[in-house]
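Residue numbers for the sequence shown follow our numbering, beginning at 1 and rising by one.
The C-beta atom is built at its ideal place from N, Cα and C for all residues, glycine as well.
Since the model is a prediction, treat every value here as computed from it, not as a measurement.
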Amino acid sequence: MLASVGERSVSVVVRVKRDGKWTRLQAAYGRNGRIRPGYAQVGEKQQQFDSIVYEIRTYESRQAKYKTVGRNAADAEAERQRLEKEFLARAVAKDAGLKIEQKQERKTLRQSADDYIEDCRDRGAEEATAKAQLVCNEFLKTIKKTYLDEIERKDILKFHAALRKRGCGDRTIHDKHNRVKSWFLFEKQDAKAILPPSPKYDKKLPTIYTRDEISSILAAAEPKERLAYLLALKCGLREQELCHLEYSDIDEELMTLRVRSKSAYGFRVKDSEERDITLTDDVLAALKERHEKHPKDTLVLPSSTGNVDRKMLRTLKQTAKRENLNCKRCEGCRNENNECQHWTLHKFRRSYATTLLRNGVDLRTVQHLMGHADLASTTRYLRPASAEEARAKINAVDW
Ligand SMILES: [Zn+2]
1 MLASVGERSV SVVVRVKRDG KWTRLQAAYG RNGRIRPGYA QVGEKQQQFD SIVYEIRTYE
61 SRQAKYKTVG RNAADAEAER QRLEKEFLAR AVAKDAGLKI EQKQERKTLR QSADDYIEDC
121 RDRGAEEATA KAQLVCNEFL KTIKKTYLDE IERKDILKFH AALRKRGCGD RTIHDKHNRV
181 KSWFLFEKQD AKAILPPSPK YDKKLPTIYT RDEISSILAA AEPKERLAYL LALKCGLREQ
241 ELCHLEYSDI DEELMTLRVR SKSAYGFRVK DSEERDITLT DDVLAALKER HEKHPKDTLV
301 LPSSTGNVDR KMLRTLKQTA KRENLNCKRC EGCRNENNEC QHWTLHKFRR SYATTLLRNG
361 VDLRTVQHLM GHADLASTTR YLRPASAEEA RAKINAVDW
């Protein structure tokens, strides 16, 4: 007679957060015999939870042992069935006087990423958890390998290259690289052997427009362009956010503008962070005025054919050139196109963040308005006050 492998000896349990504490509960099964994803058995009832981690419980000399599977119910059930078979095989082998030697288990990348994210969450590190989710998912999408032990140095370099291709700067790549590094260190991988050095970046202050430059370009621009620059300067919109902006995104009553993804145009907000931005009186008035003149438009800043205008940057550079606003020193000014590198749409956005911070708007608010996924991106815009300003402030302190 073989040692029986009772149904209870290998079971799926879930770890859930209940009243702020992590608790283990039985997984909930539906009538079809499958695990109900997101549910746990609480007494007689099945209850839904926001955050569920599946585990397999086994017993070793009557001691319960738990093994994390991840967030996928089907994976958990598959692992339970596999373990049952393994136990049965061991029992059969033992019966025959044989011993099964197990090869070390290979961990999948997905599983590893989930464990790492879970670890960040367990440590209560909210920002780190959000970043870990973002970076791990980006990494898995880019590096299509199955197992953790397959990752090589060249995969990390491929990840850098993919980020660069998507328009990420050295600083962002550096940050994401460090996140991956912390993931591999968590897995006690030989990180030194795998990881190439992270890209270096110079900690430069972001460049912004001067007041004179802003008034010159606003005075020179056509009405549509003028509105675009106002929106970039006073709402901090990115180029893609500008050209996809629709009148339906404006809430006149609340005086806000919502930045959101537009699936019809295949436009997605960066880091999936939709946000509401406060509109100033003059920008709202300019928006209303334009809508009255073009009542049939849905896009606020359409091209001449009524489509998404993908030439806004080109137009800005042409206006600067026409109005003799080029710096005449940069590489762009010196080559034959004569397009100055100092005139960019993004520079309005940088001016926006810097101006808000200089005028005492707090960091968290600016982070939200800018749609930054992390505070570090926002602190970059904090400039030290000039010596004179600092002296005035320090002198005014009531010691
Ligand atoms: Zn120039």
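- R322 has its Cβ no nearer than 7 Å to any heavy atom of ligand 1.
- Pairing D271 with A373 gives a Cβ-Cβ distance under 8 Å.
- Residue state for I208 is assigned as coil, using DSSP reduced to three classes.
- Taking 7 Å as the cut-off, one finds no heavy atom of ligand 1 near enough to the beta carbon of Q318.
- As the crow flies, the alpha-carbon of H346 is around 25 Å from that of S198.
- Straight-line measurement puts the Cα of R275 at about 42 Å from the Cα of E44.
- Taken from the Cβ of H368, every heavy atom of ligand 1 lies 7 Å or farther away.
- If you check the C-beta of H346 against ligand 1, you find no heavy atom less than 7 Å away.
- At a threshold of 7 Å, N335 does not count as near ligand 1, since its beta carbon sits no closer than that to any of the ligand's heavy atoms.
- Near ligand 1, meaning a Cβ closer than 7 Å to any of its heavy atoms, lie the following residues in chain order: N326, C327, K328, R329, C330, G332, C333, C340, Q341 and H342.
- For secondary structure counted as the alpha helix (DSSP H) over 4 or more consecutive residues, the stretch 199-254 holds these complete runs in sequence order: 211-220, 223-235 and 239-243.
- Distance from the Cα of G30 is smallest, within the candidate group Q41, C235, D249 and R226, for Q41.
- By the criterion of a C-beta distance shorter than 8 Å, T354 is surrounded in its chain by P206, I208, Y381 and R383, once the five residues flanking it on both sides are discounted.
- Look at Q46 here: in three-state DSSP terms it is strand.
- With contacts defined by Cβ atoms closer than 8 Å, A228 and L287 do not form a contacting pair.
- Remark: C-beta atoms of A220 and E323 approach each other more closely than 8 Å.
- One alpha carbon belongs to K158, the other to Q47, and they sit about 43 Å apart.
- When the beta-carbon positions are compared, L325 and S215 stay at least 8 Å from each other.
- Contact between L279 and Y352 does not hold, since the beta-carbon distance rounds to 13 Å and is not under 8 Å.
- In this structure the stretch 54-72 touches the stretch 100-115; the number of beta carbon pairs closer than 8 Å is three or more.
- Just so you know, the alpha carbons of E105 and L148 end up roughly 11 Å apart.
- About 7 Å separates the CB atoms of V283 and C235; that is less than 8 Å, so the two are in contact.
- The alpha-carbon separation between I56 and R62 amounts to approximately 15 Å.
- In this structure, DSSP gives V397 a state outside helix and strand, which the three-state scheme calls coil.
- For the 8 Å CB-CB criterion, L363 and T344 do not form a contact.
- In this structure, V12 and E77 form a Cβ contact; the two beta carbons are roughly 6 Å apart against a cut-off of 8 Å.
- Around D155, the same chain offers I143 as residues with beta carbons nearer than 6 Å, after the five sequence neighbours per side are excluded.
- When secondary structure is reduced to three states using DSSP, Q341 falls in the coil class, being assigned neither helix nor strand.
- In the DSSP assignment, I52 falls within the unbroken beta strand (DSSP E) covering I52 to E60.
- Inclusion of T58 and L88 in the CB contact set at 8 Å is not warranted, their separation being larger than that value.
- Counting the other Cβ atoms within 10 Å of the Cβ of G371 gives 16 or more, which makes it buried.
- Under the DSSP assignment, T379 falls in the alpha helix (DSSP H) whose first and last residues are L375 to T379.
- The beta-bridge partner set that DSSP reports for G70 consists of Y54.
- Taking every protein chain shown into account, the CB of L254 has fewer than 16 other CB atoms within 10 angstroms, so this residue is exposed.
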